[in-house]
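In my numbering, each number is its position in the sequence shown, counted from 1, plus 6. What follows is a set of notes on a single structure, which appears directly below.
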Amino acid sequence: MTEPLVSFRGVEKTYDGRVNVVQSLNLDIARGEFLTLLGPSGSGKTTTLMMLAGFEAPTAGEILLGGRSLAAVPAHKRSMGMVFQNYALFPHMTVADNLAYPLRRRGVAKPEIAAALKRAVEMVKLTGLEARYPAQLSGGQQQRVAVARALIFQPDVVLMDEPLGALDKNLREQMQLELKHLHDQLGATIVYVTHDQSEALTMSNRVAVFHEGMVQQLDTPEAMYERPANSFVANFIGENNALPGRVEGTADGLCTVRLDTGEAVRAVAVNPAGNGRTLVSIRPERLRLARDGEQGNRLTAHVRETIYFGDHVRLHLDAGATPLMLKLPLGEAAGLNAGIQVMLACAPEHCRALDPVA
């Protein structure tokens, strides 16, 4: 196996000596990988990034870059580019001067700086704006400058701390694709921090979901969404229906769950509790209206409301005391008004019996 570019080995971080904001972190990052650290505020993802950058020191454990410990390496000598949410551009410098700054700090010769500048502005589509100051640029243009400045000196790793958080929705989605294309083009190693699941799913090779200082799951975006490891991941990534119940038996990786509604379903046995309590996780798009005489998992529910989303309709339903959501094509939602009882179906392989703590 190829040696990882970055390794966290038993890394912990506490600020008060009592509570670890990062706990027992073991994580390898491959060269050329786009890894996203995803989680809610206070989950430990930003602290992890700051330790890698050298702005924070681990309380325990070590961080390696290319097999060498970073413990004695100050932040400015770690060969890491950094992109912040507020861009951190020098307001008194032009675009060209902002981009050239990290090269000048490293003593790069003027002809090489000129060539690197040309490549950088072309890379982020800012040709012709070199003489402008940050205040004369849009938010998206400022972000492109910040990204180009982090990449221009060809660092070992590029660190991005919620860099798109200040942009509006349309521009943020556009920049997500641009960052993904840049990564594909350059093959840079990127460690990206966000609390936005769509960013993580759109851009990453792998995603590490943080909660209470620990990585809950490390996986590809598709595996994270389709095969969540626990209830926290299932609820944090995408939209999720969680039906409480108790496992009555298990065979061949599938378990029979008696839901609190009284109905029984078959589900993939992932990690129900030792006492048999579980939450059956079902993505809204995996539920559908049952056909007459259909066998398999069936659920009785009542329509609470119907919401039009343009390309589809979302039904909010109640299965006993459990709220459900169902996504339907426009043509299948006719007549499904509030109060109507419907029968839902879902294949067992799309139902996952997870730990009962939501």
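For glycine and all other residues, C-beta sits at the position ideal for the given N, C-alpha and C. This structure is a prediction, so every number in the text was calculated from the model and none was measured.
Residues sharing a beta bridge with residue i, DSSP
{"i": "G251", "result": "L265, T284"}
{"i": "D103", "result": "Partner(s): none; D103 has no beta bridge."}
{"i": "D317", "result": "D317 is not bridged to any residue."}
{"i": "S144", "result": "None, per the DSSP bridge assignment."}
{"i": "P329", "result": "D324"}
{"i": "M220", "result": "H217"}
{"i": "V274", "result": "L260, R358"}
Own chain, CB closer than 7 Å to residue i, minus 5 neighbours either side, in chain order
{"i": "L336", "result": "H318, V319"}
{"i": "A1", "result": "The chain is shown only over 7 to 364; residue 1 falls outside these bounds and no answer can be derived."}
{"i": "A296", "result": "R304, M349, L350, A351"}
{"i": "V88", "result": "Going by the sequence as given, residue 88 is Met instead of Val. Once the five neighbours on either side are set aside, the close Cβ partners of M88 are A59, A156, L165."}
Helix, strand or coil at residue i [DSSP, three-state]
{"i": "I119", "result": "helix"}
{"i": "H356", "result": "helix"}
{"i": "N241", "result": "helix"}
{"i": "E18", "result": "strand"}
{"i": "G4", "result": "For residue 4 there is no data in the structure shown, the boundaries of the chain being 7 and 364."}
{"i": "Q301", "result": "coil"}
{"i": "R37", "result": "coil"}
{"i": "T133", "result": "coil"}
{"i": "E68", "result": "strand"}
{"i": "E9", "result": "coil"}
{"i": "R138", "result": "coil"}
Residue burial classification, residue i (beta-carbon count within 10 angstroms, cutoff 16)
{"i": "E205", "result": "buried"}
{"i": "L185", "result": "buried"}
{"i": "M166", "result": "buried"}
{"i": "Q142", "result": "exposed"}
{"i": "N343", "result": "exposed"}
{"i": "P227", "result": "buried"}
{"i": "H189", "result": "buried"}
{"i": "Y314", "result": "exposed"}
{"i": "S237", "result": "buried"}
{"i": "H82", "result": "exposed"}
{"i": "A339", "result": "buried"}
{"i": "I196", "result": "buried"}
Same chain only: Cβ atoms within 8 Å of residue i, ignoring 5 sequence neighbours per side
{"i": "V27", "result": "K19, T20, Y21, G48, G50, T53, G219"}
{"i": "A152", "result": "V89, F90, Y93, A94, L95, P169"}
{"i": "D103", "result": "F96"}
{"i": "H356", "result": "I288, R289, R292"}
Contacts around residue i, its chain only, beta-carbon distance under 6 Å, and the 5 residues preceding and following it disregarded
{"i": "L33", "result": "F14"}
{"i": "L249", "result": "L265, V286, T328"}
{"i": "T267", "result": "A325, G326"}
{"i": "R84", "result": "G60"}
{"i": "A229", "result": "none"}
{"i": "A66", "result": "E18"}
Could you name each continuous alpha helix (DSSP H) segment of 4 residues or more that falls completely within the stretch 168-197, going from the start of the chain to the end? 175-192
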